[in-house]
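In what follows, a structure is listed as structure tokens, so that the remarks can point back to it.
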Amino acid sequence: MDKIEQTAAYVKLSLDGAEAGHDWWHIYRVWQTAKTIAVKEQADIEVVEYAALLHDIADSKFNNGDEEIGPQKAGDFLRSISVNEDTIHHVQQIIRYMSFKASLGNVRFQSKELDVVQDADRLDAIGAMGIARAFSYGGYKQRGFYDPEILPNTNITKEEYKNSNAPTINHFYEKLLLLKDKMNTAAGKELAIKRHQFMEMFLEQFYGEWEGRI
Ligand code: ADP
Ligand code: NI
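Residue numbering for the sequence shown is 1 to 214, as defined by the numbering used here.
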């Protein structure tokens with residue numbers, strides 16, 4: 001097994017039993033998508049693969065908000081298989097700033113490889129996979145599919161968003177349809193546009209079926 005395969009095996013084992021939105025198969029998809037984008041963007045493939053594989057190794061959501069556990073665990077693992085220190089440091093920064101960049105406005109670390117992995121992670125929230133994840137999450141939270149009387153809240157704060165009881169369709173307007181304009185890379189944007197169109201087709205079909213029109 002090479003070091004990338006060893007990393008994949010480690011992540012797969014660590015995420016055993018994780019919920020469907022953040023399970024091994026989410027990591028697998030982000031990994032594959034990140035590789036596709038990395039080639040087109042001529043990013044450092046090795047850094048991208050390690051970061052994609054390790055980006056959710058210890059989500060702060062499930063660790064009392066601690067943002068350092070993820071980078072720490074990733075670093076410990078990469079050191080145990082003798083990856084070089086520069087690569088380890090870069091991977092740790094990516095894991096740190098993938099969530100920081102999203103939650104805080106001021107960016108303090110930037111790299112092409114961060115852009116690639118963040119795009120791949122966002123792409124997994126849209127398209128067919130985004131639809132599947134949204135309804136899976138909605139089911140887990142016991143939310144309805146749709147209620148014409150509950151309008152989407154597009155000025156939603158992060159807290160309201162987490163505690164919301166709104167139906168799953170609203171999540172498309174509150175988050176998923178906004179993601180295509182948040183892509184970092186040209187290759188990511190191209191994929192996002194296709195996945196975005198697929199969600200729009202889905203919504204049109206959904207409303208048509210809801211009213212028995214189609
Ligand atoms: P991430 O860890 O990628 O920032 P979240 O934990 O917020 O994402 O969400 C995981 C998955 O669940 C994503 O695909 C996201 O779109 C979906 N999701 C999050 N909140 C909602 C919601 N209110 N309704 C439906 N799906 C949601
Ligand atoms: Ni992720």
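C-beta: ideal position from N, C-alpha, C; glycine also.
Check	Outcome
Could you round the C-beta distance between E113 and V47 to whole angstroms and report it? I think they count as a contact, below 8 angstroms.	5 angstroms
Answer with buried or exposed for W31, where buried requires no fewer than 16 other C-beta atoms within 10 angstroms of its C-beta.	buried
Leaving out the 5 sequence neighbours to the left and right, which residues in its chain are closer than 7 angstroms to A6 when beta-carbon positions are compared?	The residue asked about is misnamed: residue 6 is Gln in this sequence, not Ala. Taken in chain order, the residues that qualify are I81.
For Q42, is the classification buried or exposed, using 16 other Cβ atoms within 10 angstroms of its Cβ as the cut-off for buried?	exposed
Do you know offhand how far A8's Cα is from G212's?	46 angstroms
Is V117 near the ligand COA, judged by its Cβ being under 7 angstroms from some heavy atom?	Looking for the ligand COA in the displayed structure turns up nothing; the ligands present are the ligand ADP and the ligand NI.
Near S300, what residues of its chain come up, given a Cβ to Cβ distance below 7 angstroms and the 5 sequence neighbours on each side ignored?	Absent from the structure is residue 300, since the part of the chain shown begins at 1 and ends at 214.
Given 8 angstroms as the limit, is there contact between the segment 74-88 and the segment 130-146, that is, 3 or more CB pairs closer than that?	no
Would you say the beta carbon of H171 is closer than 7 angstroms to some non-hydrogen atom of the ligand ADP?	yes
Cα separation between S216 and G208?	Lying outside 1 to 214, the shown extent of the chain, residue 216 is not represented and no answer is given.
Quick one: is the Cβ of V11 within less than 7 angstroms of any heavy atom of the ligand NI?	no
Would T157 and G138 qualify as a contact pair, given that the criterion is a beta-carbon distance under 8 angstroms?	no
What is the rounded straight-line gap between the Cα of K182 and the Cα of A120?	12 angstroms
Please list, in chain order, all residues with a C-beta atom less than 5 angstroms from at least one heavy atom of the ligand NI.	D56 and D121
Does the ligand ADP have even one heavy atom less than 7 angstroms from the beta-carbon of A128?	no
Is R213 helix, strand or coil by DSSP?	coil
Whole angstroms is fine: what's the gap from A20's alpha carbon to I214's?	31 angstroms
Out of curiosity, what's the CA-to-CA distance linking L179 and A192?	8 angstroms
Please tell me whether, using a cut-off of 7 angstroms, the distance from the CB of A134 to the nearest non-hydrogen atom of the ligand ADP is below it.	yes
I'd like the list of long-range same chain contacts for A51, defined as Cβ closer than 6 angstroms, with 5 residues on each side in sequence excluded.	V91, I94 and V117
Return the chain-ordered list of same chain residues with a C-beta closer than 7 angstroms to the C-beta of I88, the five sequence neighbours on each side being excluded.	G75, L78 and R79
Cβ-heavy atom distance between L15 and the ligand ADP below 7 angstroms?	no
Closest by CA to I27, which one among K73, I45, R122 and K3?	R122
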